[in-house]
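Below: the structure, in structure tokens.
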Amino acid sequence: MERMSSCADSPYGLLLRALSLIPITHYVMGMVSVLFVMLYNFLEFHIVQDLVSGFRGQRVDLTFNSCSQLYHEVVSKCTLLHGRYMSTPWLSSPHLQTTFLRFFGRPPVFNYRREILNTGDGGIVALDWLARHDVMENEDTGNDEVHQDADTPVVVVIPGLTSDSDSVYIKHLTFYMAKRGWNVVVSNHRGLGDVPLTSDFFYNGGWTEDLRKVVKHIRSRSPDVPLFVVGTSLGANMMVKYLGEDGKDILIDGAAAVCCPWDLLLCNRFIMRNPVQRFYDKALGAGLKRYAMKHQDFFTRLSDWDGIEKARNVREFDTSATCRVGKFDTADIYYRESSCVNYVGRIKVPLLCISALDDPVCTKEALIWDECRVNKNVILATTQHGGHLGYFDGMDAKGVWWVRAVDEFLTVLGSSKLIKRQNKMPDYLRVRPQKSLTNKDPYVGLVKKTDNQAHLDNIPNINKTSVEEQGSETVSTVDSIIFFQKRIMDQF
């Protein structure tokens, strides 16, 4: 009896008895709370931070040389770069921002005008043009040519890995800038944009020859108008490398790099680091494998097809395909030699770089803080949030902040004394006095979707070299869902 009494009165026995008196609902609530905290941290939510800040967002941080003429004459006049970025409250996670862009990005619908450019080595690239008159309502453009606005500045857009002119974020950018008055052209990478690979080479992260030929082609037609380039994700790496390679001999007047990886080796290490990043790694690898499937004859002949089929991530694909076609001994050598970070110091034209510190694909550890403080031609704008190319804002998530920021920067730059062709800027593109957005409601200035409900048919006739009208068909809700599912994670 004494033993039983002592067992019942032991500290552990008393603790178990006390725990048994707690209602089961309290345990359930506790488990839900723990799971919520784990999920909150795992997906890097910041809704609490937004709530504490009164949903005003965080200021955009600018890194630049204090003697930079680019800052004092251009960036100092950009209200968006001196304001705040507040992400859509129900997308308060870099992973939600990035994934929402792929699933439900709700791109505007319009028709490009296609031009096929021969690269000179047997390859071809598709140039998809969009002009102001293509997106303006109540204008008859049936017989218009792409280059009829001879004095209008041109913006060349370089998509990211496996992306093309039909990618969601590319369509947001091209539509917004065309609506504002630019002539915009998307330079699709070889084998993308529904064109075949016609030479024994496909693009990679450090390949700049195609961009160089595209710029020369456009400059030969429009020698006096301002010419700008906007690179996104891996396309930004290619563009920055091109700027550094050509240095003072560059043929463009300014550029913008959005969500650039900067150091491909460092980003490859980062994307293999934890379960969330490995998800992106596998998704990007799957996109590359789909790209290879479209050109199976090419890859079977020039690369390790068995290795491509077994590839589970980007690195394994690059080892079996990119390195073999591009003549790199290893994937690490490819990443080191193709990274644009080594070329930033040689850039001689105005360059705006926009990156989010919570980018789940391109790590903040690769950002060019010191390089921007040395090179007076480079400005780095960083935001706390935004994800990878997401940057949705407003309660309805229709606006893409970086699109408006790039447009404002190029508009001010085009009206400045930093470029020699500013006298060719049309009146509707010249910068006007703007009110500060610092104390404004963050949900303003959203991009409006076009009322045109025609879907772009991007399949070209590669035997023609002239600009062609693209076919159209009505988009249904089911078609839109299928389109977004097909494009999931294939847009980087």
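Using our numbering, the first residue of the sequence shown is number 960, and each one after it goes up by one. Ideal Cβ positions, reconstructed from N, Cα and C, are used throughout, including at glycine.
- The closest CA to that of G1082, considering only S1124, A1090, F1161, is found on F1161.
- Beta-carbon to beta-carbon, V1362 and L1132 are separated by about 5 Å, close enough to satisfy the 8 Å threshold.
- Under the 10 Å beta carbon count, A977 is surrounded by fewer than 16 other beta carbons and is classified as exposed.
- The beta-carbon separation of F1351 and V1359, rounded to 6 Å, stays under the 8 Å limit for a contact.
- The shortest CA-to-CA distance from T1322 to any of E1296, S1192, L1247, D1265 is the one to S1192.
- T1342 and V1127 have their C-alpha atoms roughly 21 Å apart.
- Under DSSP, C1037 forms no beta bridge with any residue.
- Looking from the CA of N1336, the closest CA among G1353, H1344, C1312 belongs to C1312.
- In this structure, the straight-line span from the alpha carbon of Y1294 to that of R1237 is close to 18 Å.
- With three or more CB-CB distances shorter than 8 Å, the stretch 1241-1257 counts as touching the stretch 1153-1173.
- Cβ atoms of L1247 and V1173 stay farther apart than 8 Å, at about 23 Å.
- Uninterrupted beta strand (DSSP E) stretches at least 3 residues long and entirely within the stretch 1322-1372 occur at 1337-1342, given in chain order.
- For D1087, the uninterrupted beta strand (DSSP E) segment begins and ends at 1083-1089.
- The stretch 1145-1205 contains, as complete beta strand (DSSP E) runs of 3+ residues, the segments 1186-1191 (chain order).
- In this structure, DSSP gives Y1071 a state outside helix and strand, which the three-state scheme calls coil.
- Per DSSP, S992 lies in no beta strand (DSSP E); the unbroken alpha helix (DSSP H) holding it starts and ends at 983-1001.
- S1298 and G1164 have their C-alpha atoms roughly 8 Å apart.
- Listed as beta-bridge partners of S1314 by DSSP are T1341.
- With a 10 Å radius around the Cβ and a threshold of 16 neighbouring Cβ atoms, C1218 comes out buried.
- Put simply, of N1142, T1121, L1086 the residue whose alpha carbon is nearest the alpha carbon of M1095 is N1142.
- Taking a 10 Å sphere around the C-beta of N1334, we find 16 or more other C-beta atoms and assign the residue as buried.
- Here Q1008 is exposed, its C-beta having fewer than 16 other C-beta atoms within 10 Å.
- I1117 sits in a strand when the DSSP states are folded into three classes.
- Every unbroken stretch of the alpha helix (DSSP H) spanning 4 or more residues and falling wholly within the stretch 1229-1307 is given here in chain order: 1234-1253, 1255-1261, 1264-1269, 1273-1276, 1282-1285, 1290-1297.
- In the assembly as shown, K1138 is a buried residue. Its beta-carbon has 16 or more other beta-carbons within 10 Å.
- In the structure shown, N1142 adopts extended strand secondary structure according to DSSP, grouped into three states.
- Taking a contact as a CB-CB distance under 8 Å, the pair A1195 and V1308 does not count as one, their CB atoms being some 15 Å apart.
- Taken through DSSP and simplified to helix, strand or coil, N1024 comes out as coil.
- For G972, the enclosing alpha helix (DSSP H) begins and ends at 970-979.
- Assignment of R1018 by DSSP, reduced to helix, strand and coil, places it in the strand class.
- Minimum Cα-Cα distance from R1072 among the listed residues T1111, W1088, F1062, L1010 corresponds to W1088.
- Separation of T984 and H1005 (C-alpha to C-alpha, rounded to the nearest whole angstrom) is 28 Å.
- Listed in chain order, the non-local C-beta contacts of L1029 below 7 Å within the same chain comprise P1309, K1335, N1336, I1338, L1377, local neighbours out to five positions each way being set aside.
- It is roughly 32 Å from the alpha-carbon of R1171 to the alpha-carbon of E1268.
- Rounded to the nearest whole angstrom, the C-alpha separation of H1344 and N1301 is 26 Å.
- R1065 sits in coil when the DSSP states are folded into three classes, being neither helix nor strand.
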